[in-house]
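To keep things clear, I will list the structure first and then write my remarks on it.
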Amino acid sequence: MAYAYTPFPYSPPPGLITPEPRHPVVIVGAGPIGLSMAVDLALRGVKSVVLDDNNVVSLGSRAICWAKRTLEIFDRLGIGERMLEKGVTWKVGRQFHGDREVYNFDLLPEPGHKYPAFVNLQQYYVEEYLVERAQDFPDLIDLRFLNKVTDHKGHTDHVELTVETPDGPYTLETDWYIACDGAGSATRKRTNLPFEGQTFDEHFLIADVEMETSPFGDHDTPERWFWFAPPFHNGQSALLHKQPDNIYRIDLQLGPETDPKVEATEQKVVPRLKQMLGDAPFRLDWMSVYKFRCAR
Ligand SMILES: Cc1cc2nc3c(=O)[nH]c(=O)nc-3n(C[C@H](O)[C@H](O)[C@H](O)COP(=O)(O)OP(=O)(O)OC[C@H]3O[C@@H](n4cnc5c(N)ncnc54)[C@H](O)[C@@H]3O)c2cc1C
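135 is the number that UniProt numbering gives to position 135 of the sequence shown; each next residue is one higher, with no gaps.
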């Protein structure tokens, strides 16, 4: 079943009517990073205001593989056990060339660890759990949805922000401004900070499918399967992961010369998936075409 998005409520911020006292911390962005930052600060008794231009959790599953170290941090923040309970735990990966298994690995061969090597869980659940956790600190975390930061100015001892809301703009002052506004960060652009690294040429298609029969076949122990030159996707690579709710992540290499707008359409995606899944019925839950970028 598709995830049911419930918009978070918006209330007009006090700064629309009268200037707000200077805040100790303002965090821009209520994605996984901004929400984690707010909860971590609250656990240390530090107040923050979190501003987000949106009012729902992640659109699409996006990040799904959460590593042991990340889970340990989420444990400290108070959502690790929920993630473990809902998520799909795995530790074994298998590599195939064609349909022949050529290599496998076990990321956590010894028992006795609190958290597994990986939990697969859609990013919308992680954000939902983080928002609910943030709401455990009503005196320390002030979550403001549909509040878009459109400008910021640094002064010697504070930062001044301009924020757009459905009721118009207002300004905020803060001792510390923490930019968690994602990979396309407008804060980074306004401050002319570099974002150096590499963008790879290849395009990849992500397709999440919901299905009753497992694409892992009889072998439905959750694992990570990766193919070089699979029989169902000529000459390229493919990746398969299981998520909760009978949703499977299929990631197909498309090559460099591809138009993402054309590829991310059902007409193009469904035939590709049928090559892999055969006649097994499936529901396409989400799709996206991306390029891999490493930058900092
Ligand atoms: C289409 C897509 C597919 C992805 N697929 C995968 C995947 O398969 N696997 C994987 O590991 N990762 C994936 N990612 C990456 C993963 O989602 C990110 O690494 C992760 O979301 C980063 O978290 P974040 O909190 O830094 O940023 P984000 O999740 O981007 O959160 C930033 C938040 O800031 C808000 N914001 C931005 N600008 C402003 C502003 N001016 N004012 C107020 N709020 C603002 C945004 O609305 C957003 O809520 C994908 C990303 C995208 C976009």
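Beta carbons are placed, not taken as given, at the ideal position from N, Cα and C, and that holds for glycine. Source: prediction; values computed, not measured.
Q) Quick one: does the C-beta of residue 32 sit closer than 6 angstroms to a heavy atom of ligand 1? A) Along the sequence shown, one-based indexing puts residue 32 at 32. The answer is yes for residue 32.
Q | For residue 129, the nearest candidate out of 81, 248, 281 and 249 (CA to CA) | A | As a working mapping, residue 129 is identified with position 129 in the sequence shown. The shortest C-alpha separation from residue 129 is found at 81.
**Q.** Where residue 193 falls, given that 16 or more other Cβ within 10 Å makes a residue buried
**A.** Counting from 1 along the sequence shown, the entry for residue 193 is found at position 193. Exposed: under 16 other Cβ atoms inside 10 Å.
Q) Under the three-state reduction of DSSP, which class applies to residue 46: helix, strand or coil? A) The sequence position of residue 46 within the sequence shown is 46, counting from 1. In the structure shown, residue 46 sits in coil (DSSP, three-state: anything other than H, G, I, E or B).
Q. With respect to 6 angstroms, is the separation between the Cβ of residue 51 and the closest non-hydrogen atom of ligand 1 below this value?
A. Numbered from its first residue, the sequence shown carries residue 51 at position 51. Yes, Cβ of residue 51 sits closer than 6 angstroms to a heavy atom of ligand 1.
**Q.** Nearest to residue 160 (by Cα), restricted to the options 138, 187, 33 and 286
**A.** For the purposes of this step, residue 160 is identified with residue 160 of the sequence shown, where counting begins at 1. Closest option to residue 160, Cα to Cα, is 187.
Q.
Short of 7 angstroms in beta carbon distance, which residues of its chain neighbour residue 213, apart from the five on each side in sequence? Order them along the chain.
A. Taking the sequence shown and counting its residues from 1, one reaches residue 213 at position 213. Here the set comprises 280.
Q) Is it the case that the CB of residue 148 approaches a heavy atom of ligand 1 more closely than 6 angstroms? A) Stepping through the sequence shown from its first residue, residue 148 is reached at position 148. Residue 148: yes, Cβ under 6 angstroms from ligand 1.
(Q) Between residue 144 and ligand 1, is there a pair consisting of the residue's CB and a ligand heavy atom that are separated by less than 6 angstroms? (A) Position 144 of the sequence shown, counted from the start, is the residue given in the question as residue 144. It does not: the Cβ of residue 144 is nowhere closer than 6 angstroms to a heavy atom of ligand 1.
Q. Where residue 180 and residue 27 are concerned, what is the direct C-alpha to C-alpha distance, given to the nearest angstrom?
A. Indexing the sequence shown from 1 puts residue 180 at position 180. Indexing the sequence shown from 1 puts residue 27 at position 27. Roughly 7 angstroms separates the two Cα atoms.
Q. Is residue 19 helix, strand or coil when you go by DSSP?
A. On the sequence shown, position 19 is the one that residue 19 refers to. Residue 19: coil per DSSP, three-state reduction.
Q | Cβ-heavy atom distance, residue 55 to ligand 1, below 6 angstroms | A | Here residue 55 is taken as the residue at index 55 of the sequence shown, counted from 1. Flag unset: Cβ of residue 55 not near ligand 1.
Q: Enumerate in chain order the residues of its own chain whose CB-to-CB distance from residue 2 is below 7 angstroms, with the five nearest sequence positions on each side excluded.
A: Position 2 of the sequence shown, counted from the start, is the residue given in the question as residue 2. Excluding residues within five positions, the ones whose Cβ falls inside 7 angstroms are 285.
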